[in-house]
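Asker: A single structure is presented below for examination.
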Amino acid sequence: MEAEHAEVTSREEIAFPSVEWFERLAQLMKHNRARNEHLGYIDCAVIFTVLDGGLRGKPWSAQVTFEEFEATDVREATSADLARADFSVDATLATWREMIESIARGRGRPDLTHTLNYLSHTGEPIRVWSDDPLRKDMFFRFNQSLQEFINASGTFRTIFPD
Amino acid sequence: MAEMVRVDSLRPLPVSSSMNEEAIERYETEFKQHATKWQEILDRNAERMKKGTYSLEWMKTDKAAWGRRAKPSSRGLTYTDINNVPGYGTIPAKATCLNFAPRGSVRDEYASEMPVVDDYTLVDRDESWADNVITLYEEAKARQWNATRDIPWSELERLPDDLEKATCQLATFLTEVEFVAADFPAKWLYKIPQDFLEVKSFLVTQMMDEARHQEVFRKRAIAGGGLLHASPGFEWALKAIYDAPTHTMGTFLLNLLGEGLVLTLFRSGEMIAKTHVDKEIFRRCLQDEARHVSYGVLELKNYLDHAPDREKALEEMHRFADVGEQVILTSFSEAALAEPVAILLGGGLDKIDQGMEGQGKLWQISMEEYLQRCDRAGFPRRERCTLPLEMQWGCG
Numbered sequence: 008m009e010a011e012h013a014e015v016t017s018r019e020e021i022a023f024p025s026v027e028w029f030e031r032l033a034q035l036m037k038h039n040r041a042r043n044e045h046l047g048y049i050d051c052a053v054i055f056t057v058l059d060g061g062l063r064g065k066p067w068s069a070q071v072t073f074e075e076f077e078a079t080d081v082r083e084a085t086s087a088d089l090a091r092a093d094f095s096v097d098a099t100l101a102t103w104r105e106m107i108e109s110i111a112r113g114r115g116r117p118d119l120t121h122t123l124n125y126l127s128h129t130g131e132p133i134r135v136w137s138d139d140p141l142r143k144d145m146f147f148r149f150n151q152s153l154q155e156f157i158n159a160s161g162t163f164r165t166i167f168p169d
Numbered sequence: 024m025a026e027m028v029r030v031d032s033l034r035p036l037p038v039s040s041s042m043n044e045e046a047i048e049r050y051e052t053e054f055k056q057h058a059t060k061w062q063e064i065l066d067r068n069a070e071r072m073k074k075g076t077y078s079l080e081w082m083k084t085d086k087a088a089w090g091r092r093a094k095p096s097s098r099g100l101t102y103t104d105i106n107n108v109p110g111y112g113t114i115p116a117k118a119t120c121l122n123f124a125p126r127g128s129v130r131d132e133y134a135s136e137m138p139v140v141d142d143y144t145l146v147d148r149d150e151s152w153a154d155n156v157i158t159l160y161e162e163a164k165a166r167q168w169n170a171t172r173d174i175p176w177s178e179l180e181r182l183p184d185d186l187e188k189a190t191c192q193l194a195t196f197l198t199e200v201e202f203v204a205a206d207f208p209a210k211w212l213y214k215i216p217q218d219f220l221e222v223k224s225f226l227v228t229q230m231m232d233e234a235r236h237q238e239v240f241r242k243r244a245i246a247g248g249g250l251l252h253a254s255p256g257f258e259w260a261l262k263a264i265y266d267a268p269t270h271t272m273g274t275f276l277l278n279l280l281g282e283g284l285v286l287t288l289f290r291s292g293e294m295i296a297k298t299h300v301d302k303e304i305f306r307r308c309l310q311d312e313a314r315h316v317s318y319g320v321l322e323l324k325n326y327l328d329h330a331p332d333r334e335k336a337l338e339e340m341h342r343f344a345d346v347g348e349q350v351i352l353t354s355f356s357e358a359a360l361a362e363p364v365a366i367l368l369g370g371g372l373d374k375i376d377q378g379m380e381g382q383g384k385l386w387q388i389s390m391e392e393y394l395q396r397c398d399r400a401g402f403p404r405r406e407r408c409t410l411p412l413e414m415q416w417g418c419g
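Protein sequences appear in the order of chains F and X.
Taking our numbering as reference, the numbering of the first sequence is continuous, increasing by one, and the terminal residue is 169.
Taking our numbering as reference, the numbering of the second sequence is continuous, increasing by one, and the terminal residue is 419.
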């Protein structure tokens with residue numbers, strides 16, 4: 008069963024997209040270690056890209072490295088990180104926003120049409136890609152953990168740019 | 024009124040012969056033939072015990088890798104950790120120890136007294152090894168789940184009749200096909216010598232995964248209305264996998280192609296699920312399936328990379344794939360699969376046409392993923408693929 012993040016547990020507001028936003032998810036993953044141990048290891052480096060989330064509408068990316076049961080490293084991704092990552096998850100700010108807001112409404116669980124898999128299965132509006140199909144398959148191998156990593160955003164308020 | 028038949032006038036019942044008479048006889052004969060070996064061991068042991076003396080031979084460490092202790096990594100003591108200890112991690116290219124003696128134990132000096140397991144025929148490492156097999160084994164153990172407890176069954180909602188029937192038919196299909204991915208490795212598992220223990224271990228996790236998939240879809244169907252239709256096309260596809268002439272060929276057809284397509288189907292299942300229960304089921308299953316696909320890709324790669332005659336190996340694989348692809352297609356073209364998926368994709372029986380269009384797009388994606396995986400394995404299938412790259416729907 009998916010983790011129940013009960014409801015927004017703090018009045019904390021974090022801007023999206025930002026390194027802080029992904030760092031908060033990493034902290035929550037650490038906090039929910041028992042749940043993540045139940046789900047099992049997750050070993051991959053993921054680039055999360057907001058295609059129009061950077062300055063003047065340019066792409067902005069965060070790299071999150073998962074090891075065992077934690078996100079051990081979160082950073083703003085550079086072009087070198089892109090090559091090192093196992094796969095990338097790309098979407099526009101509007102798509103990210105819709106997904107995150109669905110998770111918030113569902114108190115830590117998106118509705119049926121806003122899961123990572125739902126939004127990415129046909130290649131749009133989320134595109135999951137890698138040059139190596141084996142590394143792309145990690146998105147599937149660790150899908151539940153990745154979903155719950157994002158679902159943790161339901162525990163705080165996300166602020167989006169106007 | 025018929026004359027009463029007295030019990031004592033009836034003929035006696037025939038003496039029942041043991042149902043297993045022949046098998047027991049074979050067993051007795053076999054072990055009597057080898058009596059000189061095991062009986063000698065037994066006599067020797069009995070003699071020593073009678074004398075009240077000890078052997079303590081097993082305490083000698085001069086031929087053992089004794090004292091080089093394995094150290095756990097952060098996640099515990101993995102196969103990789105123990106394989107890093109000298110004396111334990113060398114996987115032989117060809118297994119010559121065809122008994123149960125563990126790799127790395129003191130065993131050579133006992134070989135002449137040991138039985139040979141005739142069933143251990145998959146003695147070449149490159150007919151079953153994959154470079155990711157240890158990682159996948161550890162991952163599989165860590166990511167096991169429980170179809171009884173981890174699915175929020177109490178949240179299962181009643182769906183409109185067409186959607187419920189489509190969901191239950193999809194679950195029926197998956198119940199029918201999932202266990203071949205356990206039966207196929209089971210058919211080869213006992214042929215793999217103990218020296219390839221990592222492969223054997225991984226295959227056991229695959230069998231456990233498939234038992235759980237069969238379980239969860241059977242439960243989903245019966246909790247939602249019931250099992251619906253089995254289908255002959257599914258059966259031929261399963262037979263094509265089960266009867267594959269070699270382990271690598273069968274693993275290609277099952278893990279790389281078949282499970283690759285089922286992985287797409289699971290992803291579609293998650294996408295078209297009408298309840299959170301179904302979403303959770305498909306998401307859990309697709310994780311397991313992706314591990315099996317990964318093994319299939321690198322098993323084929325390892326086989327081809329180490330084939331003594333790569334060109335010949337490739338040609339054999341192509342010949343096999345020419346048939347295998349078509350038989351697998353039989354399953355994926357069955358109405359009992361394509362139509363319920365289209366109904367779920369479209370959102371109802373009245374939107375089945377839209378669903379078929381969506382399915383066409385998913386088919387294209389899954390074909391591209393299949394060909395990418397073949398490329399990754401070093402098996403250039405694009406020019407020879409017999410599967411339609413686009414779904415032939417309504418174009419005739």
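For glycine and all other residues, C-beta sits at the position ideal for the given N, C-alpha and C.
Thinking C-alpha only, which one of X:ASP311, X:LYS262, X:GLN310, X:LYS374 is nearest VAL346 of chain X?
Answerer: Within the second sequence, numbered from 1, the residue matching residue 346 of chain X stands at position 323. Of X:ASP311, X:LYS262, X:GLN310, X:LYS374, the residue nearest in Cα terms is X:LYS262.
Asker: Please confirm if GLY381 of chain X has its CB atom under 9 angstroms from at least one CB of chain F.
Answerer: The residue given as residue 381 of chain X occupies position 358 in the second sequence. So yes, GLY381 of chain X belongs to the interface.
Asker: With distances taken from CA atoms, which of X:LYS83, X:THR84, X:ASN106, X:LEU280 is nearest ALA93 of chain X?
Answerer: Taking the first residue of the second sequence as 1, we reach residue 93 of chain X at position 70. Checked all of X:LYS83, X:THR84, X:ASN106, X:LEU280; the closest Cα to ALA93 of chain X is X:ASN106.
Asker: Could you give the uninterrupted runs of the alpha helix (DSSP H) lying entirely in the stretch 161–216 of chain X, keeping only those of 4 residues or more?
Answerer: You should have 184–201, 203–212.
Asker: Considering only the alpha carbon of each residue, which of X:GLU357, X:HIS341, X:ARG172, X:GLU238 lies closest to PHE257 of chain X?
Answerer: The sequence position of residue 257 of chain X within the second sequence is 234, counting from 1. Comparing Cα-Cα distances from PHE257 of chain X to each of X:GLU357, X:HIS341, X:ARG172, X:GLU238, the minimum goes to X:GLU357.
Asker: Could you tell me the distance, in whole angstroms, from the CA atom of ILE264 of chain X to the CA atom of ARG148 of chain F?
Answerer: Residue 264 of chain X sits at position 241 when you count from the first residue of the second sequence. Residue 148 of chain F sits at position 141 when you count from the first residue of the first sequence. One C-alpha to the other measures close to 23 angstroms.
Asker: Mind reading off the beta-carbon distance from LYS297 of chain X to LEU251 of chain X? Whole number of angstroms is fine, and I expect it under 8 angstroms.
Answerer: Position 274 of the second sequence holds residue 297 of chain X. Position 228 of the second sequence holds residue 251 of chain X. So it is not a contact: roughly 16 angstroms between Cβ atoms.
Asker: Going by the beta-carbon positions, is the gap between PHE240 of chain X and THR198 of chain X smaller than 9 angstroms?
Answerer: As a first step, residue 240 of chain X is located in the second sequence; it is residue number 217 there, counting from the start. As a first step, residue 198 of chain X is located in the second sequence; it is residue number 175 there, counting from the start. Yes.
Asker: Does the beta carbon of ARG399 of chain X come closer than 9 angstroms to any beta carbon on chain F?
Answerer: Numbered from its first residue, the second sequence carries residue 399 of chain X at position 376. Taking Cβ atoms only, chain F reaches closer than 9 angstroms to ARG399 of chain X, which makes this a yes.
Asker: On the CB-based measure, 16 or more other CB atoms within 10 Å of its CB, does TYR77 of chain X come out buried or exposed?
Answerer: By one-based count along the second sequence, residue 77 of chain X stands at place 54. The residue is exposed, with fewer than 16 neighbouring Cβ atoms inside 10 Å.
Asker: Looking only at its own chain, which residues have a Cβ that is under 6 angstroms from the Cβ of MET379 of chain X, when we skip the five neighbours before and after it?
Answerer: Position 356 of the second sequence, counting from 1, holds the residue named residue 379 of chain X. Cβ neighbours of MET379 of chain X beyond the five flanking positions: ALA365, TRP416.
Asker: What alpha helix (DSSP H) runs, 4 residues minimum, are completely inside the stretch 249–308 of chain X?
Answerer: Listed in chain order, they are 255–265, 270–274, 282–295.
Asker: When you check each C-beta in the stretch 124–138 of chain F against every C-beta of chain X, which residues fall closer than 8 angstroms?
Answerer: Taking 8 angstroms as the Cβ-Cβ cut-off against chain X, the residues of the stretch 124–138 of chain F that qualify are ASN124, TYR125, HIS128, THR129, GLY130.
Asker: Buried or exposed for GLY247 of chain X, please, with buried defined as at least 16 other CB atoms from any protein chain shown within 10 angstroms of its CB.
Answerer: Taking the first residue of the second sequence as position 1, residue 247 of chain X is located at position 224. Result: buried.
Asker: Does MET145 of chain F come within less than 9 angstroms of chain X when only Cβ atoms are used?
Answerer: For this step, residue 145 of chain F is matched to residue 138 along the first sequence. Answer yes: the Cβ-Cβ gap between MET145 of chain F and chain X drops below 9 angstroms somewhere.
Asker: Between which residues of its own chain and HIS12 of chain F is the CB-CB distance below 7 angstroms, once the five residues before and five after are set aside?
Answerer: By 1-based counting over the first sequence, the position of residue 12 of chain F is 5. Because the pLDDT at HIS12 of chain F is just 47, under 50, the model does not fix this residue reliably, and the point stays unresolved.
Asker: Would a C-beta distance cut-off of 9 angstroms place ALA208 of chain X and VAL146 of chain X closer than the cut-off?
Answerer: As a position in the second sequence, residue 208 of chain X is number 185, starting the count at 1. As a position in the second sequence, residue 146 of chain X is number 123, starting the count at 1. In the sequence under discussion, the amino acid at residue 208 of chain X is Pro, which differs from the Ala named in the question. Not in contact: PRO208 of chain X and VAL146 of chain X (Cβ atoms no closer than 9 angstroms).
Asker: Output the distance between the C-alpha atoms of MET230 of chain X and LEU65 of chain X, rounded to the nearest integer angstrom.
Answerer: Within the second sequence, residue 230 of chain X is the residue found at index 207, counting from 1. Within the second sequence, residue 65 of chain X is the residue found at index 42, counting from 1. Approximately 37 angstroms, taken between the alpha carbons.
Asker: Here's the rule: buried if 16 or more other CB atoms are within 10 angstroms of the residue's CB, otherwise exposed. What is LYS55 of chain X?
Answerer: In the second sequence, counting from the first residue as 1, residue 55 of chain X sits at position 32. Result: exposed.
Asker: At which residues does the beta strand (DSSP E) containing VAL53 of chain F begin and terminate?
Answerer: Stepping through the first sequence from its first residue, residue 53 of chain F is reached at position 46. Here the beta strand (DSSP E) through VAL53 of chain F covers 51–57.
Asker: Can you tell me whether TRP81 of chain X is helix, strand or coil according to DSSP?
Answerer: On the second sequence, position 58 is the one that residue 81 of chain X refers to. Looking at TRP81 of chain X - three-state DSSP - the assignment turns out to be helix.
Asker: Is the stretch 122–130 of chain X touching the stretch 175–187 of chain X in the sense that three or more CB pairs, one from each, lie closer than 8 angstroms?
Answerer: Contact fails: fewer than three Cβ-Cβ distances are below 8 angstroms.
Asker: Compare the C-alpha of HIS57 of chain X against each of X:GLY383, X:PRO95, X:MET137, X:GLY99 and name the closest.
Answerer: Residue 57 of chain X sits at position 34 when you count from the first residue of the second sequence. Ranking the options by Cα distance to HIS57 of chain X, first place goes to X:MET137.
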